[in-house]
Ligand code: SF4
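Residue numbers (my numbering): 821 to 1097.
Dropping the structure here:
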C-alpha cells in the first residue's frame, strides 16, 4: 500500500472551530492508522492516558474511529499513577467513568525512583519515561492487549529527530509503530501526523481536565524545550517548514545519505559491470 504524506498544515496557527478541528485531526489520525496498519480486526488496544492534552485527544479520536470503522476492536484506557505529590487521583477515574469505557488505573511509585536517581537540576523525562514504559508494557500483557497506543504527535517526532541529530549524531526520529524491545508488544502512535498546536486548540475547546506533570514541568531549559522553541519560531516565521520536515521522513532516499548499511555504495558499478583495474 502506498504511504500517504502528512498534509502541509499552513492553517495551523489560525484558530479553527471545534467541528473543523475535529475533522482535521480525525482525518490525520485515519491516514496514520491506515498508512501503518495500526489497527486490525480483533485488536484490544491499551490507550495510555497521562492526563495531558495529547492523550485525551488520542482517546477521543480512537473512540470516534471505533464507532466509524468497518472492523471491530476494543479500547481499554490505562493511566499510570506514578505517585507524584499533589497528583489529583480522582480526575481520570471520574472522566473515564463519565465516558462509560473500560479503564484501569495502575499505581506504581516511579516518582520516588526518579527523584532518588536523578540529581537535582538534571532532566527527569528520560529515566521517568523508561520506567513508565516498563510498567505499561507489563500492564499490556496482563490486560491481554494486542497494541499499546501512545499520544506522541508530529512535533514529538520532529523534535526527537532533531535531538538525535544534534546530540546523538543519529538520523533517527520516533516510530509511528514499533515492536517493543522485549518483542512482546506493538506500540502505535495514532497522532503521528497531527501537529501539537492543533491538539492544544482542540483540547482547550473540549475543556479536558488536564493534569500537568509537576515532575518535569519545572524544567524549562531542557534540550527538548529549546528545540520546541525553535520549531515555534519556524512556525511563525516560515509556516510549513516543520510540516515539510515531517513529510521528508516519509520520503527518504538512502542512496543520497551516507549510511553504508542502508545502501550498497561499494557494490555500485558502471554499465560494464567491472570495477576499474
Ligand atoms: S513529562 Fe513528566 S511524567 Fe512524562 S516522562 Fe517527563 S517527567 Fe515523566
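Cβ coordinates follow ideal geometry from the N, Cα and C atoms, glycine included.
Could you spell out where the beta strand (DSSP E) holding residue 900 opens and where it closes? 894 to 901
Does the ligand SF4 have a heavy atom nearer than 7 Å to the CB of residue 1035? True, at least one ligand heavy atom lies under 7 Å from that Cβ.
For residue 969, which three-state DSSP category applies? strand
Output the boundary residues of the beta strand (DSSP E) element that contains residue 866. 864 to 868
Where does the unbroken alpha helix (DSSP H) through residue 1048 begin, and where does it stop? 1043 to 1057
Bounding residues of the beta strand (DSSP E) (the contiguous stretch that carries residue 1072): Neither: residue 1072 is in no beta strand (DSSP E) and is coded neither H nor E.
Pairwise C-alpha distance: residue 880 and residue 935: 33 Å
Quick check: does the Cβ of residue 1073 come within less than 7 Å of any heavy atom belonging to the ligand SF4? no
Have a look at residue 1092 and residue 1082 and give me their C-alpha separation to the nearest angstrom. 24 Å
Per the DSSP calculation, residue 923 is bridged to which residue(s)? 897
Rounded straight-line distance, which links the Cα of residue 846 to that of residue 1085: 42 Å
Coarse secondary structure for residue 1007, derived from DSSP in three states: Correct three-state label for residue 1007: strand.
First through last residue of the beta strand (DSSP E) which encompasses residue 885: From DSSP, residue 885 is part of no beta strand (DSSP E) but of the alpha helix (DSSP H) over 873 to 888.
Could you tell me the alpha carbon to alpha carbon distance between residue 903 and residue 974, rounded to whole angstroms? 29 Å
Taking the beta strand (DSSP E) that residue 1078 belongs to, which residues open and close that run? No beta strand (DSSP E) contains residue 1078, which DSSP labels as neither H nor E.
Endpoints, the alpha helix (DSSP H) within which residue 999 is located: Note, residue 999: premise wrong, no alpha helix (DSSP H); beta strand (DSSP E) at 997 to 999.
Cβ-Cβ separation, residue 960 to residue 1099 (assumed contact under 8 Å), whole Å: Since the first and last residues shown for the chain are 821 and 1097, residue 1099 lies out of range.
Counting pairs of Cβ atoms below 8 Å between the region 978 to 993 and the region 1046 to 1060, do you hit three or more? They touch, by the three-pair rule.
For the region 955 to 972 against the region 871 to 878, do three or more pairs of beta-carbon atoms, one drawn from each stretch, fall closer than 8 Å, so that the two count as touching? yes
Considering Cα atoms alone, identify which of 1074, 1057, 1060 and 1026 is closest to residue 808. Only positions 821 to 1097 of the chain appear in this structure, which leaves residue 808 out of reach.
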